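Peer 1: Residue numbers (my numbering): 13 to 317. Each residue gets a CB set at the ideal place from its N, CA and C atoms; glycine is no exception. Bear in mind that the values here come from a model prediction, so they are computed numbers and not experimental data. Would you mind keeping the following structure in view while I ask a few things?
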């Protein structure tokens with residue numbers, strides 16, 4: 013009988029591209045992973061991996077086995093969820109991966125609420141921009157707080173369930189000048205020096221796409237994905253920033269924020285989990301806390317009546 017732990021190791025090696033990278037993510041030595049994969053190769057009687065430059069790749073047999081391994085691992089998680097649903101209680105641990113721009117206004121309030129409502133639940137939070145949904149598929153995280161910009165096609169990886177949380181517009185941020193939050197046309201920014209995220213990022217691509225749709229190429233003077241740095245440059249009057257509304261504290265001094273009226277740049281914040289037929293009480297509690305925090309954050313940014 014095949015060992016499910018060895019199947020998971022095969023899946024991890026295939027996703028990471030090397031035994032060394034897989035071993036690091038599994039907190040094992042490369043030798044231990046190689047040993048287990050050798051045992052799996054002995055069990056099936058055919059090579060599952062082949063050298064591919066500095067990495068390794070699946071053989072045809074490896075691809076076939078991994079397809080079955082995915083179904084087996086999914087069935088195992090389904091069984092765990094079914095038992096958890098019968099118990100009806102929130103578990104003891106969960107891992108959340110979140111974008112840096114969501115920590116202050118959504119993640120922190122959500123974790124505070126979880127601590128009050130479910131004190132037995134210890135949530136580990138990984139703050140990262142990188143490959144969140146891949147980590148979800150590998151099982152290294154349980155919930156992802158991710159984003160998708162509205163100019164991109166709506167797609168979800170196979171086996172991933174998406175729960176929309178918040179439509180989060182980018183605001184134009186400049187130094188405070190005493191004027192109100194008058195909406196601005198994106199074309200007005202053609203004469204501004206902008207601070208923007210790198211074009212390789214989703215946000216950077218979204219800003220370039222919107223500016224091109226508005227008929228101009230932005231003048232970029234500063235490039236950084238660090239929102240604190242973007243706000244500091246805007247506060248100093250050195251640049252105009254385009255920052256997600258949920259990433260800005262409404263009480264921040266020294267800046268002026270304004271919505272974009274003609275070519276809005278919107279990102280959808282979502283919570284993602286591995287798809288199961290049975291709801292897992294633990295991940296559902298995390299998503300509920302994120303949803304409440306997102307709703308409260310949206311209310312905090314509404315203009316006064």
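Please classify residue 58: is it buried, with 16 or more other beta-carbons within 10 angstroms of its beta-carbon, or exposed?
Peer 2: exposed
Peer 1: Output needed for residue 306: all residues of its chain with C-beta closer than 6 Å, excluding positions within five of it in sequence on either side, in chain order.
Peer 2: 118, 177 and 178
Peer 1: Checking 8 Å against the spacing of the C-beta atoms, do residue 27 and residue 146 come in under that value?
Peer 2: Yes; because the gap between Cβ atoms is below 8 Å, this pair is in contact.
Peer 1: Among 88, 202 and 163, which residue has its Cα nearest to the Cα of residue 151?
Peer 2: 88
Peer 1: Would you say the stretch 269-279 touches the stretch 193-213, given that touching needs at least three Cβ pairs under 8 Å?
Peer 2: yes
Peer 1: Looking at residue 155: is its Cβ nearer than 8 Å to the Cβ of residue 252?
Peer 2: no
Peer 1: Starting from the C-beta of residue 38, find all residues in its chain whose C-beta is less than 8 Å away, skip the five residues before and the five after it, and write them out in chain order.
Peer 2: 21, 24 and 45
Peer 1: My guess is that residue 294 and residue 102 are in contact by the Cβ rule of under 8 Å, so how many angstroms apart are they, rounded?
Peer 2: For residue 294 against residue 102, the beta-carbon gap comes to about 5 Å, under 8 Å, which counts as contact.
Peer 1: What whole-angstrom Cβ distance do residue 138 and residue 104 have, given they're in contact under 8 Å?
Peer 2: Actually they are not in contact, since the Cβ atoms of residue 138 and residue 104 sit about 18 Å apart, beyond 8 Å.
Peer 1: Whose C-alpha, out of 208, 289, 188 and 80, is nearest the C-alpha of residue 265?
Peer 2: 188
Peer 1: What does DSSP give as the partner residues of residue 64 in its beta bridges?
Peer 2: 67
Peer 1: Taking residue 297 and residue 162 to be in contact with their CB atoms under 8 Å, please state how far apart those CB atoms are, rounded to whole angstroms.
Peer 2: The Cβ separation is near 29 Å, so there is no contact.
Peer 1: Which same chain residues, not among the five before or five after residue 55, have their C-beta less than 7 Å away from its C-beta?
Peer 2: Annotation for residue 55: 14 place their beta carbon closer than 7 Å to its own, counting only its chain and skipping 5 residues before and after.
Peer 1: Give the list of continuous beta strand (DSSP E) stretches no shorter than 3 residues that lie fully inside the stretch 15-92.
Peer 2: 61-64 and 67-70
Peer 1: On the three-state DSSP scale, how would you describe residue 132?
Peer 2: For residue 132, the three-state secondary structure derived from DSSP is coil.
Peer 1: Just checking my contact of residue 157 with residue 283 at CB under 8 Å: how many whole Å lie between their CB atoms?
Peer 2: 6 Å
Peer 1: With 16 other CB atoms within 10 Å as the buried threshold, where does residue 16 fall?
Peer 2: Counting every other CB atom within 10 Å of its CB across the protein chains shown gives residue 16 a total below 16, marking it as exposed.
Peer 1: What residue from 281, 288 and 220 has the CA that sits closest to residue 112's CA?
Peer 2: 281
Peer 1: Three-state secondary structure (DSSP) at residue 181?
Peer 2: strand
Peer 1: Which residue comes first and which comes last in the alpha helix (DSSP H) that contains residue 239?
Peer 2: 239-247
Peer 1: Since I believe residue 208 is in contact with residue 181 (beta carbons under 8 Å), could you give me their beta-carbon distance rounded to a whole number of angstroms?
Peer 2: In fact, because the Cβ distance is near 16 Å, the residues do not count as touching under 8 Å.
Peer 1: With respect to the alpha helix (DSSP H) encompassing residue 145, which residues constitute its N-terminal and C-terminal limits?
Peer 2: Taken as a continuous stretch (DSSP letters only), the alpha helix (DSSP H) holding residue 145 covers 144-150.
Peer 1: Evaluate residue 11 with the Cβ neighbour count: other Cβ atoms within 10 Å of its Cβ, from every protein chain shown; 16 or more gives buried, anything less gives exposed.
Peer 2: Because the chain is modelled from 13 through 317, residue 11 falls outside the range shown and cannot be assessed.
Peer 1: DSSP state of residue 188, grouped into three classes?
Peer 2: coil
Peer 1: Given that a residue counts as buried once 16 or more other Cβ atoms are within 10 Å of its Cβ, and exposed if not, what is residue 186?
Peer 2: With 16 or more Cβ atoms within 10 Å of its Cβ, residue 186 is classed as buried.
Peer 1: Fully enclosed by the stretch 230-301, which beta strand (DSSP E) runs are 3 residues long or longer?
Peer 2: 231-235, 252-256, 267-270 and 278-286
Peer 1: Look at residue 304 and residue 125 and say whether their C-beta atoms are less than 8 Å apart.
Peer 2: yes
Peer 1: Does residue 345 pass the burial test, meaning 16 or more other C-beta atoms within 10 Å, or should it be called exposed?
Peer 2: Residue 345 is absent from the model: the chain starts at 13 and stops at 317.
Peer 1: Note the first and the last residue of the continuous alpha helix (DSSP H) segment covering residue 216.
Peer 2: From DSSP, the alpha helix (DSSP H) with residue 216 extends over 214-225.
Peer 1: Looking only at its own chain, which residues have a Cβ that is under 7 Å from the Cβ of residue 289, when we skip the five neighbours before and after it?
Peer 2: 90
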